[in-house]
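Just remember that the numbering used here sits 680 ahead of the position in the sequence shown, which is counted from 1. Beta carbons: idealized from backbone N, C-alpha and C, even for Gly.
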Amino acid sequence: MLSVLLVDDSFALREALARSLARRGCRVMTASSGLEGYEILRKSPVDVVITDLNMPERGGLWLWRQALLARPELEGRFVLIASEPLPEPARLTLFTETERYLLKPLSIDRLWSEVQNATRTKCEKGEPLPAPRSPLPSSDPQPAHPGQPSYNSEMPAHRTPQLLVASHHAAPAEQLAQVAERRGYAVRRAFTATQALALSHEAPAPADVIVLDDSLPDMYVLDASRALRDDPQVGPSTPLLLITTGQPTPKEHHMALRAGVWECLLHPFHAEEIGARLDTYVLLKLDGDRARRSDPVLDDAGLYTLQGLALRAHELTLQAFHHAEPVACLALAPVTIDERNAGVVDLVAHVLRTTGRRSDAIGRVGPGEFAVVAPGTDRVGAVLFAERLARAISAAAGEERPSLRAGYDAVANARYTAVEPKNMLARATSALRAAKGMGAPNWIQAFRGN
């Protein structure tokens, strides 16, 4: 299997390219900056690197230079992409003749051709694909951001992926189950929503991916999705997909997103494409499970830690991307005075837990500071959400109503707007810090940076 590292700061472009390359049989690892890409190169064998030139936290040119200094056998294995053409003298000065250089917007067929050419270059000379040698030296800025997603895991040889298909004998669901079985999945079939709830965490292992359709006789399919999400053995981080036989309307996409559906699978579907999608979701689930085992994702109050919030921000942004829906991040904090009303922090945590929506992720981003990642919420919705929370907190506080400060960031459509989940968290928190420096009339602030 060809191993590809894909580095680009556009979340939407990374997801689209990673999926297209996975359909062609590649194992795809992703990073949002040259620094994160370098950290992956230090630890993992890579056959080809596709990298944007201009990115935050070290760009593609820095990554290319650092990688070749430490691992010269990667020469000719880079495909460099840019938004604007470089002057010919600069291009000839910067790059060797063996590097590939493409301009956005990218044609996936052209990109795939260049990837194949990159692997062919040294094989024609009788040289094997580069194998991992000693680890690359640390770049020693900071490591990749916690919760940064990637497709950087192969399916473990000892781990059979578990798929649950809930359908009342519908042909599309049976077709999907057969595709999965041919790819080595252990498939459990449920014919009612009640049976799906029982089978979702049956031995030998919980389901890695759950697929539903609207043929279930005992429960509306979105109610079944909500019931599965409420099951702690499934929770919010198990990919849950919905088979549809017609193109969902925007309203139907919004309802599915609110019910916890990650993606609608439109039937008829191509066998290889649907198999690659299942593989991608399983790998994402396994990566998330490993991250949750290595670091706590929930605190004692049941709110997400910063690590957990970063993981859920990625998952929710991915869902919003597939549904072409907005996504927002709201950060808020009560105003405390010399810790005399420090108990209000616990009150805010309680209100957030009891009033939060099933589709949202709620966690802590600092001492006395909270954040909510809300798919299906745009800028106007973020303001209304903050006002609703403020009213709920005031009602719960009684006579000693706390003063709040809030900041938010939002995009109208996660599919067509460049959005990085971790950046949304940082921007909302930055807007909160700005609001803390203002008076009560300006208690909520939008992120106004670039």
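Subject >> Rounded straight-line distance, which links the Cα of residue 727 to that of residue 721 >> reply: 10 Å
Subject >> Unbroken stretches of the alpha helix (DSSP H), 4 residues or longer, contained in the region 832–884 >> reply: 851–862, 873–879
Original post:
Leaving out the 5 sequence neighbours to the left and right, which residues in its chain are closer than 6 Å to residue 899 when beta-carbon positions are compared?
Top reply: 873
Subject >> Residues bridged to residue 691 [DSSP beta-bridge criterion] >> reply: Answer is none; residue 691 lacks a bridge partner.
Original post:
For the region 879–887 against the region 922–938, are there 3 or more C-beta pairs whose distance is under 8 Å?
Top reply: No: fewer than three Cβ pairs fall under 8 Å.
Subject >> Contact the region 992–1010 vs the region 1051–1065: 3+ CB pairs below 8 Å >> reply: yes
Original post:
Taking Cβ to Cβ, would you say residue 845 is nearer than 7 Å to residue 891?
Top reply: yes
Original post:
Between the region 975–991 and the region 1033–1041, are three or more C-beta pairs nearer than 8 Å?
Top reply: yes
Subject >> Segment limits, alpha helix (DSSP H) that includes residue 972 >> reply: 951–974
Original post:
Within this structure, are the beta carbons of residue 1012 and residue 1064 separated by less than 7 Å?
Top reply: No, the pair does not count as a contact, with Cβ atoms beyond the cut-off.
Subject >> Range covered by the alpha helix (DSSP H) that runs through residue 749 >> reply: 740–750
Original post:
Excluding sequence positions up to five away, which residues of its chain have a Cβ less than 8 Å from the Cβ of residue 886?
Top reply: 842, 880, 913, 914, 918
**OP:** Specify, as a first and last residue, the run of the alpha helix (DSSP H) that residue 990 falls within.
**Re:** 986–1003
Original post:
Would residue 784 be called buried (16 or more neighbouring beta carbons within 10 Å of its own) or exposed?
Top reply: exposed
**OP:** Please report the residue range of the alpha helix (DSSP H) in which residue 1105 lies.
**Re:** 1101–1116
Original post:
residue 1043 lies in the beta strand (DSSP E); which residues open and close that run?
Top reply: 1041–1046
Subject >> Whole-Å CB distance - residue 954 paired with residue 945, under 8 Å assumed >> reply: 7 Å
**OP:** Might you give, ordered along the chain, the residues of its own chain that have their beta carbon closer than 7 Å to the beta carbon of residue 704, omitting 5 neighbours on each side?
**Re:** 792
Original post:
Does DSSP put residue 713 in a helix, a strand or coil?
Top reply: coil
Subject >> Sheet register partners of residue 1035 (DSSP bridge) >> reply: According to DSSP, residue 1035 bridges with nothing at all.
Original post:
Using the C-alpha atoms, what's the distance from residue 1072 back to residue 754?
Top reply: 57 Å
**OP:** Classify residue 1003 as buried or exposed, calling it buried when 16 or more other Cβ atoms lie within 10 Å of its own Cβ.
**Re:** buried
**OP:** Compare the beta carbon distance of residue 937 and residue 1005 with 7 Å and say whether it is the shorter of the two.
**Re:** yes
**OP:** Along the beta strand (DSSP E) that carries residue 902, what are the first and last residues, could you check?
**Re:** Counting along the chain, residue 902 falls outside any beta strand (DSSP E), though it belongs to the alpha helix (DSSP H) covering 901–910.
Original post:
For the alpha helix (DSSP H) that residue 1094 lies in, which residues bound it at each end?
Top reply: Premise fails: residue 1094 is in no alpha helix (DSSP H) and is neither H nor E.
Original post:
Leaving out the 5 sequence neighbours to the left and right, which residues in its chain are closer than 8 Å to residue 694 when beta-carbon positions are compared?
Top reply: 686, 688, 710, 712
Subject >> Helix, strand or coil at residue 1127 according to DSSP, with G and I counted as helix >> reply: coil
Subject >> Residues near residue 866 in its chain [Cβ-Cβ closer than 6 Å; skip 5 each side] >> reply: For residue 866, the CB contacts under 6 Å within the same chain, skipping 5 residues up- and downstream, are 840, 842 in chain order.
Original post:
With burial defined as no fewer than 16 other Cβ atoms inside 10 Å of the residue's Cβ, what is the status of residue 735: buried or exposed?
Top reply: By the neighbour-count rule (16 or more Cβ atoms within 10 Å), residue 735 is buried.
Original post:
Is the region 1076–1092 touching the region 1112–1119 in the sense that three or more CB pairs, one from each, lie closer than 8 Å?
Top reply: yes
**OP:** Please work out which residues of its chain come closer than 7 Å, Cβ to Cβ, to residue 982, disregarding the five sequence neighbours upstream and downstream, and give them in chain order.
**Re:** 1033, listed in sequence order.
Subject >> Bounding residues of the alpha helix (DSSP H) (the contiguous stretch that carries residue 1071) >> reply: 1059–1077
Original post:
Tell me which same chain residues have a C-beta within less than 7 Å of the C-beta of residue 897, skipping the five on either side of it?
Top reply: 848, 872
**OP:** May I have the straight-line CA-CA distance separating residue 639 from residue 739, to the nearest angstrom?
**Re:** This structure cannot speak to residue 639, because the chain is shown only from 681 to 1130.
**OP:** Work out the CA separation of residue 1045 and residue 1068 for me, nearest whole Å.
**Re:** Each residue's alpha carbon lies about 20 Å from the other.
Subject >> In DSSP terms, what residue 1008 is bridged to >> reply: 1054, 1090
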